[in-house]
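> Just so we're aligned, residue 608 is where the sequence shown starts under my numbering, counting upward by one.
No residue lacks a Cβ here, since even glycine has one placed at the ideal position from N, Cα and C.
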Amino acid sequence: MKQHVPFCYDYVGSFLRPQQLKDAREQYQKNLITKEQLKEVEDVCILDLIQKQKDAGYHVITDGEFRRSWWHMDFFWGLNGIEYKATKEGLQFHGEKTKAETAVVVGKISGENHPFIEHYKFVKAQEDENTIAKQTIPSPAQLLAQLRLPEYLDQLREVYPTDEELKEDIVHAYQTVIQELYAAGCRNLQLDDCTWTLYADRSFWKVFGITEEILKQIAQEEIALNNAAIANHPSDMVIATHVCRGNFHSTYANEGAYDPIAPYLFAQENVDAFYLEYDDVRSGGFEPLKYIPKEKKVVLGLITTKSAELEDKNRIIRRIHDAAQYVPLENLCLSPQCGFASTEEGNKLTEQQQWDKLALVKEIAESVWK
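1) I'd like the list of long-range same chain contacts for Ala874, defined as Cβ closer than 6 Å, with 5 residues on each side in sequence excluded.
2) Can you tell me the Cα-Cα spacing of Trp684 and Thr743, whole angstroms?
3) What residues match up with Leu907 in a beta bridge as DSSP calls it?
4) Using a 10 Å radius around the Cβ and a threshold of 16 neighbouring Cβ atoms, would you call Tyr981 buried or exposed?
5) At 3 residues or longer, what runs of the beta strand (DSSP E) sit wholly inside the stretch 789-855?
6) Who are the Cβ neighbours of Asn938 in its own chain at under 6 Å, not counting the five residues just before and after it?
7) Using the DSSP secondary-structure output, state which residues sit across from Glu690 in a beta bridge.
8) Is Val906 closer than 8 Å to Tyr882 when the C-beta atoms are compared?
9) What whole-angstrom Cβ distance do Asp770 and His679 have, given they're in contact under 8 Å?
10) Out of curiosity, what's the CA-to-CA distance linking Asp662 and Pro768?
11) Can you tell me which of the three DSSP states Gln699 falls into?
12) Per DSSP, what kind of secondary structure is Thr950 in: helix, strand or coil?
13) Quick check on the DSSP output: the alpha helix (DSSP H) that includes Ile927 runs from which residue to which?
14) So Thr804 packs on Arg852, CB below 8 Å; how close in whole Å?
15) Taking a contact to mean a Cβ-Cβ separation below 8 Å, would you say Asp879 touches Thr911 in this structure?
16) On a Cα-Cα basis, can you pick out the residue from Asn737, Gln961, Gln786, Glu758 that is closest to Ser842?
17) Could you say if the stretch 648-658 and the stretch 628-638 meet the contact criterion of at least three C-beta pairs nearer than 8 Å?
18) Hey, how far is the Cα of Thr641 from the Cα of Lys823?
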């Protein structure tokens, strides 16, 4: 069996939290159970999820991000020098706001002994001859954007007077985490990134004063940071990135085609594969895929996780072949556009509908890549 992602039918990583897990987390937050008791419930739920992933015929296994409340914050909070902070308001999504939480710098950032290493080991132990474990973490650029939010800039500058010092420590922290994941057996790493689609959304250009020249500067900074963080990763570790437009409770944060960012992200980021959202009109067309280097894989997120309605199989197949005008068919794969629960609240569908979506992905992929 091929030992690396992406597979011709794949998924992004997060799954709907079972009620048992939601209840246990609520009890833990109310100090009704201990951290160890919460972990016992997490372990049981993750083992059940992994068995379901295997039963569904998938070759990649994850913990569904069941030990996290957010797709990104929990990773940030696990870095040395970064702490949890409650905020006045949550993040604004289309018609909804998230929980009011953030991550702030309280000291020099480093990556030693990140709790995600033990989380990965638990999943790694469940591999068999047909499956390989994948670890998902937010991208370095996502952390940079988080820490430079204007309302916490003064606090940041007390520790990091310049951006160069900050970026240097972010790079070293990620390199440490990547090396520790590798030592734990990780060969498949996915960097999740919502920053790029913010810049692709031209409605934000006026709000933030973005011009073509400013976009170029931002893109070059992010590319340099992400590439530096993964520059020394072992050659037998596959690193992919998932580019997201926001995924919270079936809502989204931004919209817009990949065209403005493709010459930078697709052409210059040194990852092995791109997981891309292509589930609705907000995503634009496939033409930006022409910037993807010929040796790289593209996972087409043509199946939405934001609603229970099952897509038309023949239409999805036609769209795959449309994309093949820009990326060879053998370099394409299929997946849902995002996770099913980028935050613990989850999207608005049932667990059965979640598995129905994944069954459709597999069915379509097996008919296209026979």
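For this structure:
1) Tyr898
2) In a straight line, the C-alpha of Trp684 is about 15 Å away from that of Thr743.
3) Leu883, Leu941
4) Any property of residue 981 remains undetermined from this structure, which presents the chain solely from 608 to 977.
5) 795-800, 845-850
6) Lys904
7) Val711
8) yes
9) About 20 Å separates the two Cβ atoms, so there is no contact after all.
10) 52 Å
11) Interpretation of Gln699 is limited by its pLDDT of 49, a score under 50 that renders its predicted location unreliable; the figure taken from the coordinates is listed afterwards. The answer is strand: DSSP assigns Gln699 an E or B state.
12) strand
13) 920-930
14) 4 Å
15) no
16) Measuring C-alpha to C-alpha distances from Ser842 to each of Asn737, Gln961, Gln786, Glu758 identifies Gln786 as the nearest.
17) yes
18) In this structure, the CA atom of Thr641 is about 48 Å from the CA atom of Lys823.
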